[in-house]
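S.K.:
Protein chains in written order, with my numbering: chain A, 1 to 81; chain B, 82 to 272.
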C-alpha cells in the first residue's frame, strides 16, 4: 500500500496525472487502495484458491491492461465532472 | 464438522454420526470426502448468499447498485462462508481441485447474478447508453463490480479481520466503490 501510494505520487508529478483529482495528495491513498484491489487482489485470490501460477502469470498482461484502463477511466471521469 | 476441524480433520465416520446417517448413505450421495465438502460449501454458499433475492432498491442507479453491494456483502460475510473458504484454501496443496471448485462455484454464481442484475438495470435509463453495459461487455463489467465492491472485504475477512467491524464498514465501502465503478463505466475505457 505504501509502495503503490509512493509510486502514484511520483507519477502524479507528471502533467496528465497531476491534473486528476484522484491523484491529489488527500486522495492518493484511496486511489492506491483501489488500484491494488482491482488489479492485484483478483489474481492473488485466484492463486490462493489454487489456480495454476503459470496460467495466472500468462493472464497478467491482458488482465492488468484492462484493469488499468478501467482504473484510469474512473480517475479521469471524476476529474471531468 | 468441517468448520471445526478442517477438511482433513473431519472424518466421514464422525460426519455420519453427527448427521445421523450411515456411511453407505453418505457415500451413495457423495463418492468421496472431497465431493461431500464441495457440496457442503455449495449448499452453504447457496443458503447464505441468495443472489436470487437480491433486488436493486432506490431511485437512482447509484442507490440501486449500492443496495446490491450491501446486500451481497451482508450475506457473504457470514462466519460459515468465510470459515469454509478458509478451510478450502488451507487444503489447497493436498487437494488443489477442491479450492478451485469452491472458488469457481462462488465466482460463477456471483458473476452470473450480477450480470443478470446489471442487464436488467441496463434495459432502461442511463445505463442503456453506456458501452460497459452492452451485451458483449456485461460479464466483464459484472466481474469488475464484484472485484471492486465485494472481493476486498471478503479477502480481509479471510485474513482474520473481525466480521463485526467489516460489516460496519459495508455501507461506506460500497458507496465509495460504486461511485468509482460508475465513474469508470460512464467515462468508458479506450479498448
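Each residue gets a CB set at the ideal place from its N, CA and C atoms; glycine is no exception.
This one's a predicted model, so the numbers in the text were calculated from it and none came from an experiment.
State the Cα-Cα distance for the pair residue 83 of chain B and residue 175 of chain B, rounded to the nearest angstrom.
M.R.: Answer to the nearest angstrom: the Cα atoms are 16 Å apart.
S.K.: In the DSSP assignment, find the unbroken alpha helix (DSSP H) run with residue 157 of chain B in it and report its ends.
M.R.: Here the alpha helix (DSSP H) through residue 157 of chain B covers 142 to 157.
S.K.: Between residue 212 of chain B and residue 218 of chain B, which are expected to be in contact by the criterion C-beta below 8 Å, what is the C-beta distance as a whole number of angstroms?
M.R.: That belief holds up - the Cβ atoms of residue 212 of chain B and residue 218 of chain B are roughly 6 Å apart, short of 8 Å.
S.K.: By how many angstroms is the C-alpha of residue 88 of chain B removed from the C-alpha of residue 199 of chain B?
M.R.: For residue 199 of chain B and residue 88 of chain B, the distance between alpha carbons rounds to 36 Å.
S.K.: Grab the span of the alpha helix (DSSP H) containing residue 233 of chain B for me, first residue to last.
M.R.: First-last of the alpha helix (DSSP H) with residue 233 of chain B: 232 to 239.
S.K.: Let me see if you follow: with CB-CB separation under 8 Å, is residue 50 of chain A close to chain B or not?
M.R.: So, interface residue.
S.K.: Would you please state the rounded distance, in angstroms, between the beta carbons of residue 182 of chain B and residue 119 of chain B? I believe it to be under 8 Å.
M.R.: At roughly 5 Å, the Cβ-Cβ gap stays under 8 Å, so residue 182 of chain B and residue 119 of chain B are in contact.
S.K.: Residues in its own chain within less than 6 Å of residue 191 of chain B by CB, not counting five upstream and five downstream?
M.R.: Excluding residues within five positions, the ones whose Cβ falls inside 6 Å are 227.
S.K.: Residues of chain B with CB closer than 8 Å to the CB of residue 28 of chain A, please, in chain order.
M.R.: Those within 8 Å of residue 28 of chain A in chain B number zero; the least Cβ separation is about 14 Å.
S.K.: Which chain B residues sit within Cβ distance under 9 Å of residue 77 of chain A?
M.R.: Chain B residues near residue 77 of chain A: 263, 264, 265, 266, 267, 268, 269.
S.K.: Mind checking whether residue 236 of chain B and residue 41 of chain A have CB atoms under 8 Å apart?
M.R.: Contact flag set, yes.
S.K.: I need the straight-line Cα distance from residue 147 of chain B to residue 214 of chain B, nearest angstrom please.
M.R.: Those two C-alpha atoms are separated by around 17 Å.
S.K.: To which residues of the same chain is residue 155 of chain B closer than 8 Å at the C-beta, ignoring the five residues directly before and after it?
M.R.: So the qualifying residues of the chain are 248, 251.
S.K.: Give the interface partners of residue 173 of chain B over in chain A, defined as CB-CB distance under 8 Å, in chain order.
M.R.: 48, 49, 50, listed in chain order.
S.K.: In terms of residue numbering, what span does the alpha helix (DSSP H) encompassing residue 48 of chain A cover?
M.R.: Counting along the chain, the alpha helix (DSSP H) containing residue 48 of chain A begins and ends at 41 to 48.
S.K.: For the alpha helix (DSSP H) that residue 160 of chain B lies in, which residues bound it at each end?
M.R.: Start and end: 160 to 171.
S.K.: Does residue 85 of chain B come within less than 8 Å of chain A when only Cβ atoms are used?
M.R.: So no, residue 85 of chain B is outside the interface.
S.K.: Please confirm if residue 61 of chain A has its CB atom under 8 Å from at least one CB of chain B.
M.R.: Cβ-Cβ to chain B under 8 Å: no for residue 61 of chain A.
S.K.: If the cut is a Cβ gap below 7 Å, which residues of chain B does residue 7 of chain A touch?
M.R.: None at all; the shortest Cβ gap to chain B is about 19 Å.
S.K.: Do residue 115 of chain B and residue 179 of chain B have their CB atoms nearer than 8 Å?
M.R.: Yes; because the gap between Cβ atoms is below 8 Å, this pair is in contact.
S.K.: Taking Cβ to Cβ, would you say residue 77 of chain A is nearer than 8 Å to residue 267 of chain B?
M.R.: Yes, Cβ-Cβ distance for residue 77 of chain A and residue 267 of chain B is below 8 Å.
S.K.: Return helix, strand or coil for residue 266 of chain B, following the three-state DSSP convention.
M.R.: DSSP places residue 266 of chain B in helix when its eight states are reduced to three.
S.K.: For residue 167 of chain B, which of B/141, B/242, B/246 has the nearest alpha-carbon?
M.R.: With distances taken between Cα atoms, residue 167 of chain B lies closest to B/242.
S.K.: If you compare alpha carbons, which of B/238, B/265, B/261, B/263 is closest to residue 157 of chain B?
M.R.: Residue B/238 is the option with its Cα nearest to residue 157 of chain B.
S.K.: Would you say residue 177 of chain B lies against chain A (beta-carbon separation less than 8 Å)?
M.R.: Taking Cβ atoms only, chain A reaches closer than 8 Å to residue 177 of chain B, which makes this a yes.
S.K.: Cβ of residue 35 of chain A within 8 Å of Cβ of residue 4 of chain A?
M.R.: Contact flag set, yes.
S.K.: Should residue 41 of chain A be flagged as near chain B, meaning a C-beta pair shorter than 8 Å?
M.R.: Yes, contact with chain B.
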